[in-house]
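To start, the structure under review is shown below, and the notes come after it.
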Amino acid sequence: MATPQAFEPIEDFLRSHWTLTPLVFENEAWPLDGEPADFVFVEVFGDLMDQASIGAETQAANRWRENGQLSLHVLVPNGGGTRTARQLSRQLYDLFRGQEIGSIRFGTASIGAGEPGEMDGNYYRMTVTIDFERDEG
Numbered sequence: 006m007a008t009p010q011a012f013e014p015i016e017d018f019l020r021s022h023w024t025l026t027p028l029v030f031e032n033e034a035w036p037l038d039g040e041p042a043d044f045v046f047v048e049v050f051g052d053l054m055d056q057a058s059i060g061a062e063t064q065a066a067n068r069w070r071e072n073g074q075l076s077l078h079v080l081v082p083n084g085g086g087t088r089t090a091r092q093l094s095r096q097l098y099d100l101f102r103g104q105e106i107g108s109i110r111f112g113t114a115s116i117g118a119g120e121p122g123e124m125d126g127n128y129y130r131m132t133v134t135i136d137f138e139r140d141e142g
C-alpha cells in the first residue's frame, strides 16, 4: 500500500479532475445500482521506500524516495466492445502524463500492461498503470 503522503494527493487530484465516470477507491461501496455502467476502480500501490541521497548528519535526514504504481481499472458493460474502455483509458493516461502533484512525479504508463482485457460478470476491464515516485526529506 502507498503511504498516506502519496495516496491522499492522488485521490484528491482524481476526485477533482475526473468527471466522466464514477470513481471507486479501495474499500469503498460500489456506486452503481441496477444496469451496469462505466466506472473506474482505483488502486494506489507503494512498492518501495529507498534512500535517495547520502551525506546528511543522520540517515533519517537524507532524502527518501517512494516508488509506486497507480492502477486505474476502467470497467465498462460486458458485450459492448472495447472502444469506450480504450477512450476512457487514454483520457486517464493523458490526465497524468507529465503531471506533478506536490512531490509526486508520474512517469511510465501503460494501457493494458501487456495483459488482455478481462470479462467478469457484467463488466469488461481494461487497466491503465502509471508509475510514480515521491521524495521526502
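Each position in the sequence shown, counted from 1, maps to that position plus 5 in my numbering.
Just so you know, even glycine gets a beta-carbon here, dropped at the ideal spot from N, CA and C.
For residue i, the three-state DSSP class (helix, strand or coil)
{"i": "Thr89", "result": "helix"}
{"i": "Arg158", "result": "One cannot answer for residue 158 here, as it falls past the ends of the chain, which runs 6 to 142."}
{"i": "Gln104", "result": "coil"}
{"i": "Pro9", "result": "helix"}
{"i": "Pro1", "result": "Look at the range of the chain in this structure, 6 to 142, and you will see that residue 1 is not part of it."}
{"i": "Arg70", "result": "strand"}
Cut-off 6 Å between Cβ atoms - residues of its own chain near residue i, not counting five sequence neighbours on either side
{"i": "Val133", "result": "Leu77, Ser94, Leu97, Tyr98 and Ile116"}
{"i": "Ala61", "result": "Its pLDDT being 46, under 50, Ala61 is placed unreliably by the model, and the measurement read from it follows with that caveat. Answer for Ala61: Asn67, listed in chain order."}
{"i": "Arg139", "result": "Ala11, Glu71, Ser108 and Ile109"}
Residue i versus residue j - alpha carbon distance
{"i": "Gly107", "j": "Pro14", "result": "8 Å"}
{"i": "Arg130", "j": "Trp69", "result": "34 Å"}
{"i": "Pro41", "j": "Phe101", "result": "27 Å"}
{"i": "Phe137", "j": "Glu31", "result": "18 Å"}
{"i": "Asp43", "j": "Thr26", "result": "6 Å"}
Same chain, Cβ closer than 8 Å to residue i, neighbours up to 5 away in sequence not counted
{"i": "Arg20", "result": "Leu28"}
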